[in-house]
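The next block holds one structure in the form of structure tokens; read it before the comments.
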Amino acid sequence: MARATRTLAIGAATIFLLAGCQADKENEPPVDEERNFRLIKLESTPVSGDPLTDTKGPVHVLAELKFGQDRIIAYVNNNSCGVLSESESQTDTLHLVSKWPTRWEGSNPYPAGPYNTVSGAGAPETWASMLCSENAMVIDYVSTERATPDQIRGQVSVTQVSEHPATLRITVAEPTLRQKIEDKAQQSPQPRPQAVSDK
């Protein structure tokens, strides 16, 4: 009887461990899928001028948003994400850069993580925060002057979160991941309808 009890206990423990491992695997995207979604694999977007001439290493521009003569550029460089906001007068420039986190760093506020985060202010008109992973960038961009962009190009979706102050959520990723990120973001207070680039 004692032997039978021990056998049942061992069997139950084995089933529990297997179920736990299976649940963990279901919550983790397959490695091959992650590699297919990496930002560096997305099609680049050509931009006019040379706004990132001081950046060392290859620059892979993924998105450009234009507001008249002003613009926002999202890019990857080596193992980093970057966002550059520049005005025609060059008096209101904001440039944020963050390295991709390792597998055990960062946080997971959205799918396609983990993410590192960085934030900063322009002088004095703009403020932005950027979540950066190998697979996606999520940028919250606040401006006292800029509202909806006139033109959106690249691997990007843009959601107007509020009007006063004008706040945009800029999501750069492969289309399937962009939708998953937007779905997660919309679990919080409802944003404005989104405008999506042609690509």
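Under my numbering, the first residue of the sequence shown carries the number 86, and numbering increases by one thereafter. Backbone N, C-alpha and C define an ideal beta-carbon position, used for all residues, glycine too. Bear in mind that the values here come from a model prediction, so they are computed numbers and not experimental data.
Fill in: Simplified DSSP assignment, three categories, for K184
Within the sequence shown, residue 184 is the residue found at index 99, counting from 1. In this structure, K184 counts as strand in the three-state DSSP scheme.
Worksheet item: T256 to F122, Cα distance in whole Å?
Response: Looking up residue 256 in the sequence shown gives position 171. Looking up residue 122 in the sequence shown gives position 37. Each residue's Cα considered, the two are about 14 Å apart.
Discussion item. Just to confirm my understanding: we take C106, look at its own chain, exclude 5 residues before and 5 after, and list those with CB closer than 6 Å. What are they?
Written reply: On the sequence shown, position 21 is the one that residue 106 refers to. Because the pLDDT at C106 is just 40, under 50, the model does not fix this residue reliably, and the value given afterwards should be weighed accordingly. Here the set comprises nothing.
Worksheet item: To the nearest whole angstrom, what separates the beta carbons of I125 and P196, a pair I think is in contact under 8 Å?
Response: Along the sequence shown, read from residue 1 onward, the residue named residue 125 stands at position 40. Along the sequence shown, read from residue 1 onward, the residue named residue 196 stands at position 111. About 18 Å; that fails the 8 Å criterion.
Practice prompt. Please list, in chain order, all residues of the same chain as H180 whose beta carbon is under 6 Å from its beta carbon, the five residues on each side excluded.
Written response: Start at 1 with the first residue of the sequence shown, and residue 180 comes out as number 95. Excluding residues within five positions, the ones whose Cβ falls inside 6 Å are L169.
Discussion item. Can you tell me whether S247 is buried or exposed? The criterion is at least 16 other CB atoms within 10 Å of its CB, across all chains shown.
Written reply: As a first step, residue 247 must be located in the sequence shown, where it is residue number 162. Burial call: exposed.
Practice prompt. Would you please state the rounded distance, in angstroms, between the beta carbons of V144 and N162? I believe it to be under 8 Å.
Written response: As a first step, residue 144 must be located in the sequence shown, where it is residue number 59. As a first step, residue 162 must be located in the sequence shown, where it is residue number 77. Beta-carbon to beta-carbon, V144 and N162 are separated by about 5 Å, close enough to satisfy the 8 Å threshold.
Worksheet entry | Identity of the residue in T244, P250, V241 nearest T229 by Cα | Taking the sequence shown and counting its residues from 1, the one referred to as residue 229 is at position 144. In terms of Cα proximity to T229, the closest of T244, P250, V241 is P250.
Worksheet entry | CA nearest to the CA of T233, picked from Q245, D225, V223, E128 | If you number the sequence shown from 1, residue 233 lands on position 148. Checked all of Q245, D225, V223, E128; the closest Cα to T233 is Q245.
Item to complete: Just the C-alpha distance for V223 and L216, rounded to the nearest angstrom, thanks.
Response: Residue 223 sits at position 138 when you count from the first residue of the sequence shown. Residue 216 sits at position 131 when you count from the first residue of the sequence shown. In a straight line, the C-alpha of V223 is about 5 Å away from that of L216.
Worksheet item: Ends of the beta strand (DSSP E) at I255?
Response: Within the sequence shown, numbered from 1, the residue matching residue 255 stands at position 170. Start and end: 251-258.
Worksheet entry | For V168, the first and last residue of its enclosing beta strand (DSSP E) | Taking the sequence shown and counting its residues from 1, one reaches residue 168 at position 83. 165-171 is the extent of the beta strand (DSSP E) around V168.
Practice prompt. Thinking T288 and R238 are a contact (beta carbons under 8 Å), I'd like their distance in whole angstroms, please.
Written response: Nothing in the structure corresponds to residue 288, since the chain is present only between 86 and 284.
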